[in-house]
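In what follows, a structure is listed as structure tokens, so that the remarks can point back to it.
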Amino acid sequence: MILGYVLSGLVTGAIFAIMGSGLTLSYAATGVFNFAHGALGFLSALLFYELTTAAGLPAWLSALVSVGLFAPALGYVLHKAMFRGLAQAGETAQIVATIGLTIALPALGLLVVDLAGLPAADATALPRGVGPHPAVAFDVAGVHLDTDQLITFAFSVVAAVGLWAFMRHTPYGLRMRASVDRRRLATLRGIDADATSALAWMLGSGLAGLAGVLAVSVLGLDATAYTVLLFASATAAVFGRLRSIPWTFAAGLALGVVQNLVAGYTDFLEEVTGLRTAVPVILLFAGLVLLNRSRERVAGSAAEDTPPPDHLAGLPPWRRRLPWAVGLVLLVGFTFLAPEYYVGIAAQGLVLALIFCSFVVVTGIGGMVNLAQAAFASMAALTCGWAFTSGLPFFVAILLGVLAAAAVGMLVALPALRLGGRVLTLATLALALLADQVLFQVDAFSNGTIGWALPALGFGFADTSDPRVLVVVLLVLIGVVALLVRNLERSASGRAILAVRSAPAAATTSGLSAPRTKIMLFVLASAIAGLGGVLFAVAKGSITATDLPAFAGFVWLAIVVLQGVRRIGGAVLGGLIAVVVPELLSTWDVSAHVGAILFGLGGMILAKHPDGVLTQMAELRHRRPPAPELDEPARTAKGALFRMEGVVAGYADSIVLHGVDLAVKPGEVVALLGANGAGKSTTCAAAAGDLPIIAGRILLDGEDVTAWPAHRRARAGILLAPEGRGVFPGLTVEENLRTWLPDPGPVYDRLPHLGERRGVLAGALSGGEQQLLTLAPALVRPPRVLIADEPSLGLAPLVVRQIFEVFAELRARGVALLLVEEKATEALAIADRVAFMRLGRVTWTGPRSEVDSERLAAAYLGVR
Amino acid sequence: MIVRRGMAVALTVALLATGCAAQQKGATQQEGAAVPGVTGTTIKVGGVLTKTSASGYSTKDAEIGAKARFERANAEGGVHGRKIEFLGAEDDGQDAAKGDAAAKKLVQKDQVFALVPVHAPNFGGAAFLEQQGVPWFGWATGPQWCGTKTGFGYNGCLAPKQGAGSQTWWGRQMADLLGGAEGKSVYVQTSDSSGSKYGGTTISQSFTAAGFKLAGVNSGLPAAAPPPDWLPYVDKIMTSNGGKAPDVVVSVIAGTKFNVGLYSALKRAGYKGVLTDATSYDAAILKDPASAQALEGVIAAPMFEPFESTAPEIAQLKQDVEKVAPGTVLTQHLAIGYWAADIFLDMLDKTGKDLTREKFLATGNGSYTYENAGFGRIQYPKDHSEPNGCGALVKLENGAFQVAKSMKCFDNVPLK
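Sequence lines, in order, name chains H and P.
Numbering-wise, the first sequence is residues 1 to 864 according to full-length UniProt numbering.
Numbering-wise, the second sequence is residues 1 to 416 according to full-length UniProt numbering.
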């Protein structure tokens with residue numbers, strides 16, 4: 001029997017594998033983890049269904065159209081409209097935007113079906129699959145299978161082989177892998193990262209579509225089932241470390257088998273409701289904790305999430321608070337004048353607002369994305385209900401509920417110490433699902449489906465069964481939380497938090513405890529969410545395990561982030577919007593799908609304005625004029641092939657180059673020298689197009705290339721060998737060469753040593769070999785301009801000599817060379833002209849012959 | 001700053017405007033009637049249904065059923081001179097919080113007298129309605145209905161507590177159909193959620209009370225989505241009866257697609273016994289050849305008189321529905337809406353001309369009995385805490401449903 005479980009488990013696993021590889025592919029190539037991957041599958045399946053039923057097309061043709069045309073086209077459109085912008089936005093915006101899509105895409109599909117009068121997608125029925133309908137059954141080695149299963153398995157094999165061939169043996173695949181390996185370097189090699197991303201999205205979306213169409217005959221047209229499928233596939237992707245497609249594929253297949261074995265052999269687990277269903281989620285959590293320690297960032301900090309500029313900084317404090325004060329007065333007025341029903345709605349909004357405040361703490365201040373907030377709220381409310389029913393006084397029960405949420409927050413925060421970034425987010429997702437599927441299914445805790453009844457909160461003279469009282473109570477509580485947040489930001493611990501967020505390593509070395517800070521934030525946020533949860537239950541009069549489902553937590557996060565997650569105002573506005581919009585839609589009798597679609601549009605806006613609506617409003621009104629441009633640069637040497645004129649460039653909050661002028665002629669070596677921090681590497685990045693410049697011009701052979709992106713400049717002949725090694729460590733020597741050369745043969749003739757190691761991963765080469773590999777392609781296909789940033793850094797003298805021989809040869813062949821070095825000796829030996837840099841300016845340029853030790857010392861020490 | 005203030009002002013104006021509008025509405029309703037929703041000539045009611053849901057489950061047909069029954073009452077001159085003003089039903093999206101909001105909207109904003117029909121598996125408005133003393137009628141599938149004074153399930157409370165009465169009709173009707181339960185074994189398949197497990201307990205008990213031998217109860221099926229692979233579950237069933245297949249398999253899993261998946265897999269594995277469930281009596285299934293093939297031979301267990309029956313009450317139902325919505329396909333949810341409305345009307349009638357919510361509830365909760373071939377018999381307050389114990393069986397044969405056993409009521413046994 002075990003053979004049967006394994007065989008048919010592989011079929012199930014094939015769907016996980018296909019969907020998981022699409023997820024891994026798009027994440028690895030673009031850095032965006034697409035929660036909407038399941039929704040893409042659902043839409044393709046929906047189209048497949050409509051094509052077979054409404055249009056009457058044969059199943060194979062419908063599948064081809066859905067998977068081969070529609071899904072990739074959808075991927076492309078989403079790339080253009082959203083994902084492209086998201087790649088630059090912070091992690092929070094990425095997560096929220098794709099969650100928005102998860103809700104919006106199925107709604108859009110269903111709305112179109114509704115409006116066009118097509119056959120309704122009945123999620124409770126099972127539509128036909130790609131194969132014969134009804135499916136034909138047959139036996140393989142004593143296992144009963146049907147044609148749909150066979151087709152699924154066959155397609156997964158085809159997809160796996162096709163994907164492997166595409167990635168390994170086509171230039172597109174090579175470019176994509178190069179982009180995955182080192183995205184910046186890839187653009188410097190002339191690979192259009194944008195086009196590669198578009199391709200990755202099309203391919204990823206195609207795979208989602210394939211999985212979707214194959215799964216429709218077992219899942220039905222049920223958007224939720226597709227989201228569940230996504231979570232299982234995410235487990236596979238996590239076991240592929242979100243990088244390796246083959247491992248993801250294998251993990252997907254294995255997951256199918258494991259699910260079957262668990263279903264077949266673990267009857268002893270039956271007592272614990274939901275535990276066996278939750279196996280993929282448990283594996284997801286285990287995989288995250290064991291395999292996916294984030295390499296780039298530590299402890300969930302999102303350094304790239306720099307706070308937006310404060311557009312209102314110039315206004316006096318009373319002026320900044322005025323709109324909120326007016327809003328508060330109006331709300332209170334509304335509370336005592338409006339009919340009970342509308343006050344109830346406002347109270348509901350404020351309950352949500354209170355829960356939303358927890359996002360301000362954990363995400364807005366702490367920079368961590370938490371998807372389990374609904375679980376915390378539920379936890380607190382259920383604990384409170386249980387405690388109250390057990391006979392404890394109500395206020396003690398409330399306290400107990402809030403403490404329970406805080407305790408769970410502590411438990412979540414502990415693994416969070418080890419995990420960073422998206423891994424932490426996925427871990428909170430796993431916990432949220434686990435709470436829903438297992439913890440809240442424990443009857444003793446949640447009292448089955450009936451839940452616990454809770455009384456109104458009494459104050460002697462009034463109680464919260466009157467929504468007016470409830471509104472006032474909530475306003476007071478939100479005010480307290482707002483004060484707390486303000487003090488947090490301004491206190492010593494607040495500064496510690498911000499320090500941990502923007503530079504964890506620096507914070508640690510300054511003696512701040514990142515773990516303790518993070519635990520504190522998480523616990524505080526959980527307690528706030530818990531308090532909100534208890535009030536939710538009090539407002540409703542009861543709480544059940546299904547009142548605050550895990551998915552609600554995702555939607556909440558999205559609503560808050562859309563308004564702006566850094567301020568309590570955003571949370572309050574978010575809470576009110578969350579209740580007012582559905583109310584208005586139902587009053588105007590608009591399809592609920594429209595609300596969901598609006599929500600998805602919010603995600604698209606977020607891709608452009610990651611800091612939310614409030615910041616956007618403030619910016620529109622109060623944006624300060626940009627920094628004044630610097631004075632026109634002076635013209636330098638004549639006949640230069642490559643020229644930088646008055647280049648001003650820098651990073652988000654600091655300008656590094658204050659007007660750099662440089663020129664390099666063909667067949668000339670210009671050595672750019674300067675002390676550490678002079679701006680040499682920034683100059684290189686600006687020259688190659690890796691860093692956009694604020695002012696000035698960059699010319700190639702008289703043509704203005706300032707606006708060209710890096711890959712276009714590279715194609716035009718400007719090659720940057722970046723600091724460190726310019727190789728793709730995850731690609732073989734041969735593949736590294738192919739990113740620049742169609743045929744690497746001549747390189748092996750010149751450097752037989754590399755030829756011997758052509759199949760070795762570049763990451764496994766020695767430093768010297770890597771530097772040779774970086775420059776070798778230039779020998780075969782010389783660029784017009786070669787910019788080498790610290791080419792001798794960390795290399796043995798013998799290797800350094802070899803490298804400089806390469807430069808000499810390139811100069812002889814007419815390449816314009818710009819050598820950037822901190823250590824002057826070798827560079828001076830080869831240079832024709834020398835430029836000294838200091839504090840973002842070129843302080844001296846002249847022929848090599850005019851450089852003596854005095855001038856060198858002056859340049860480095862900053863004395864003229 | 002102007003933009004932000006502008007926004008705040010706009011928001012406030014919008015809020016005030018809606019507020020005023022509703023206040024005016026409220027005021028007009030208050031005129032001439034101290035009882036919410038009741039005037040000299042009308043009684044206002046509205047329902048809460050799960051019209052849409054993420055899983056696709058929809059009870060929206062109950063709206064047509066209720067409307068059809070109310071239209072007939074109105075055509076006959078109403079109840080004690082008052083016609084039913086049916087506002088239609090709100091959608092709770094199978095979300096407890098939305099259900100609560102919908103109940104509040106109907107009571108506070110629309111000022112209805114009672115909620116008819118309420119047919120939403122996850123209904124979240126129970127606590128509010130009980131606290132406000134607003135009567136609500138529908139299908140009492142969840143424990144939120146049970147033990148209340150205001151929630152009237154058309155066939156009683158289907159989620160009795162331990163010790164309260166639990167149904168035996170399914171097992172006994174099945175035993176009658178199969179010519180006795182002697183020596184026959186039954187296997188109950190539920191999904192991995194506390195609600196479904198509970199169903200497994202009551203239904204197992206129904207069959208053992210009728211004399212069947214319980215071969216096994218399994219609750220391993222994932223609750224959220226059908227398992228992509230049925231093999232492990234089917235294996236267990238096929239060997240549950242001492243290595244052989246059981247005589248009867250009862251499926252307590254929600255939704256046609258689960259049943260289609262399970263039954264197809266069972267048939268593929270060579271199962272020849274009886275398949276039975278509570279949800280397959282659905283004409284929509286017959287449209288799809290694969291589903292119809294999978295469900296062929298299934299014995300469905302509706303809790304109302306089947307539409308194929310020759311009872312005059314059913315002919316009346318068809319006639320009423322045809323008047324409001326010609327060509328409507330009759331479904332389980334439609335019948336539930338219809339019978340819930342029917343009981344509400346009967347209770348109104350018995351309350352008399354002088355109508356308040358208190359008087360209405362006093363009638364309903366004071367030894368109320370009403371018999372009808374459509375749903376059997378209902379007795380309140382007893383049926384606030386246990387099911388009415390009535391049900392029918394329908395068999396899908398050659399692609400069409402046929403009445404296997406007409407509606408019949410049996411005694412309940414205490415739930416273990």
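Cβ atoms here follow ideal geometry from the backbone N, Cα and C, with glycine treated the same way.
Pick from the options that is closest to residue i, judged by C-alpha positions
i, options, result
"residue 197 of chain H", "H/6, H/22 and H/4", "H/22"
"residue 252 of chain H", "H/261, H/240, H/262 and H/263", "H/240"
"residue 408 of chain P", "P/400, P/389 and P/414", "P/389"
"residue 206 of chain P", "P/301, P/284 and P/195", "P/301"
"residue 226 of chain P", "P/376, P/126 and P/265", "P/265"
"residue 360 of chain H", "H/267, H/330 and H/571", "H/571"
"residue 182 of chain H", "H/28, H/229, H/471 and H/214", "H/28"
"residue 293 of chain P", "H/135, H/562, H/457 and H/581", "H/135"
"residue 353 of chain H", "H/201, H/560 and H/548", "H/560"
Buried versus exposed call for residue i [16 or more other C-beta atoms within 10 Å across all chains shown]
i, result
"residue 179 of chain P", "exposed"
"residue 193 of chain P", "buried"
"residue 628 of chain H", "Model confidence at residue 628 of chain H stands at a pLDDT of 46, short of 50, so the residue's coordinates are unreliable; what they give is reported in the following sentence. Exposed."
"residue 198 of chain P", "buried"
"residue 298 of chain H", "Here residue 298 of chain H scores only 37 on pLDDT, less than 50, and its place in the model is too uncertain to base an answer on."
"residue 105 of chain P", "buried"
"residue 853 of chain H", "exposed"
"residue 398 of chain P", "exposed"
"residue 287 of chain P", "exposed"
"residue 470 of chain H", "buried"
"residue 417 of chain P", "Residue numbering for chain P in the displayed model covers 1 to 416; residue 417 of chain P lies beyond these limits and cannot be assessed."
Rounded distance between the beta-carbons of residue j and residue i, thought under 8 Å
i, j, result
"residue 381 of chain H", "residue 431 of chain H", "At roughly 17 Å, the Cβ-Cβ gap does not stay under 8 Å, so residue 381 of chain H and residue 431 of chain H are not in contact."
"residue 467 of chain H", "residue 575 of chain H", "That belief does not hold up - the Cβ atoms of residue 467 of chain H and residue 575 of chain H are roughly 15 Å apart, past 8 Å."
"residue 614 of chain H", "residue 569 of chain H", "6 Å"
"residue 477 of chain H", "residue 434 of chain H", "That pair is no contact at about 29 Å."
"residue 866 of chain H", "residue 673 of chain H", "With chain H running from 1 to 864 in the structure shown, residue 866 of chain H is simply not present."
"residue 195 of chain P", "residue 449 of chain H", "5 Å"
"residue 357 of chain P", "residue 46 of chain P", "Actually they do not touch by this definition, with Cβ atoms about 15 Å apart."
Ordered list of alpha helix (DSSP H) runs contained in the region 785-817 of chain H, each at least 4 residues
797-812
At what residue ranges does the region 55-107 of chain H contain a whole run of the beta strand (DSSP E), taking only runs of 3 or more?
none
Which residues, in chain order, does the region 266-279 of chain P contribute to contact with chain H at a C-beta distance below 7 Å?
268 and 269
At which residue ranges does the region 211-284 of chain P contain complete beta strand (DSSP E) runs of 3 or more residues, listed in the order of the chain?
213-221, 248-252 and 274-277
Contact residues within the region 218-241 of chain H, judged by C-beta distance below 8 Å to chain P:
218, 219, 220, 221, 222, 223, 224, 225, 228 and 229
Closer than 7 Å, Cβ to any Cβ of chain P: which residues of the region 126-140 of chain H, in chain order?
126, 128, 133, 134 and 137
Any chance you could list the beta strand (DSSP E) runs of at least 3 consecutive residues sitting entirely within the region 399-431 of chain H, in chain order?
none
In the region 174-197 of chain P, which residues sit with their C-beta less than 7 Å from some C-beta in chain H, listed in chain order?
192, 193, 194, 195 and 197
Could you pull out every unbroken alpha helix (DSSP H) segment of at least 4 residues lying fully inside the region 171-255 of chain H, listed in chain order?
171-181, 183-188, 193-219 and 223-239
Taking a cut of 8 Å between CB atoms, which residues from the region 204-221 of chain P lie near chain H?
218, 219 and 220
Between the region 2-15 of chain H and chain P, which residues of the former have CB atoms less than 8 Å from a CB of the latter, in chain order?
4, 5, 8, 9, 11, 12 and 15
By the 7 Å beta-carbon criterion, what residues does the region 141-175 of chain P contribute toward chain H?
142, 143 and 144
Could you name the residues of the region 259-283 of chain H whose beta carbon sits closer than 7 Å to any beta carbon of chain P, in the order they occur along the chain?
260, 263, 264, 270, 273, 274, 276 and 277
Tell me the start and end of each unbroken alpha helix (DSSP H) in the region 724-759 of chain H that is at least 4 residues and wholly inside, in chain order.
733-738, 745-750 and 752-756
So if I threshold CB-CB distances at 7 Å, which residues from the region 540-559 of chain H count as touching chain P?
540, 541, 542, 544, 546 and 547
Selection of the region 346-369 of chain H by Cβ proximity to chain P, strictly under 9 Å
346 and 348
Kindly provide the ranges of any beta strand (DSSP E) runs that are 3 or more residues long and lie completely inside the region 116-154 of chain P, ordered along the chain.
136-140
Which residues, in order along the region 449-478 of chain H, keep a beta-carbon less than 7 Å from a beta-carbon of chain P?
449, 450 and 453
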